[in-house]
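Novice:
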Amino acid sequence: LAFKWTGAVLAAAVMAFPLMVRAIRLAFEAVDPKLEQAAATLGASPPWVFLTVTLPLIMPGIIAGAVLAFAKAMGEFGATITFVANIPGQTQTLPSAIYAFLQVPGGDPQAFRLVTIAVVLAMAALVVSELMARAVQRRISGP
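Letter by letter, the sequence shown follows residues -8 to 134 in my numbering.
1. Just verifying my parser: in three-state terms, what is the DSSP assignment at leucine 33?
2. I need the straight-line Cα distance from alanine 3 to valine 75, nearest angstrom please.
3. For valine 106, which residues of its own chain have a beta-carbon under 8 Å away from its beta-carbon, when the five flanking residues on both sides are left out?
4. According to the Cβ coordinates, are phenylalanine 19 and isoleucine 49 closer than 8 Å?
5. Count the CB pairs spanning the stretch 54 to 74 and the stretch 86 to 104 that are closer than 8 Å, and state whether there are at least three.
6. Under 8 Å, do methionine 6 and alanine 70 count as touching if we go by C-beta distance?
7. Going by beta carbon distance, what residues of the same chain come within less than 7 Å of arginine 13, once the five residues before and after it are set aside?
8. By alpha-carbon positions, which one of Ala116, Ala35 and Pro79 ends up nearest to alanine 57?
9. Flag this pair as yes or no: are the beta carbons of valine 22 and threonine 45 separated by less than 8 Å?
10. Put glutamate 20 into one of helix, strand or coil per three-state DSSP.
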């Protein structure tokens, strides 16, 4: 995996995973067990309880965790530079490309373009997550 794009993905995922897990764990802890017990007493099987009660209630936590993980992975520099270096066209990530352009005299305009792309990607992720969260909230609250 070293010096390959799969190593860069793995390094970013390993660094981002704890943020996602924490958000999802907190969402699980916020679920009222009485809701799950009520569904079970009405005859729902454990998988059906999870799919119809628990999963919709934790969906905002899943979305928040995914957005946090995406943001962390997008900005990950240390782990990727350590494990896969900065090989243009193979393992170069957006943060490492920005860093490389800033190390070259006259590379500021290219670095600024990449920073602009990173900001647009981050804003797009926030908009998508907000839309998803609203859709989930509408579905939970009902018509």
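Using N, Cα and C, we set each Cβ at its ideal position, and we do this for glycine too.
Specialist: By the coordinates alone:
1. Under the three-state reduction of DSSP, leucine 33 is assigned to coil, being neither helix nor strand.
2. Near 11 Å, if we compare the C-alpha coordinates of valine 75 and alanine 3.
3. So the list reads Ile89, once near-sequence residues are dropped.
4. A Cβ-Cβ contact shorter than 8 Å links phenylalanine 19 with isoleucine 49.
5. Yes, the stretch 54 to 74 touches the stretch 86 to 104.
6. Yes, these two residues count as a Cβ contact at 8 Å.
7. Closer than 7 Å at Cβ, skipping near neighbours: no residue.
8. Alanine 57 has its Cα closest to that of Ala116, out of Ala116, Ala35 and Pro79.
9. With contacts defined as CB atoms closer than 8 Å, valine 22 and threonine 45 qualify as a contacting pair.
10. Look at glutamate 20 here: in three-state DSSP terms it is helix.
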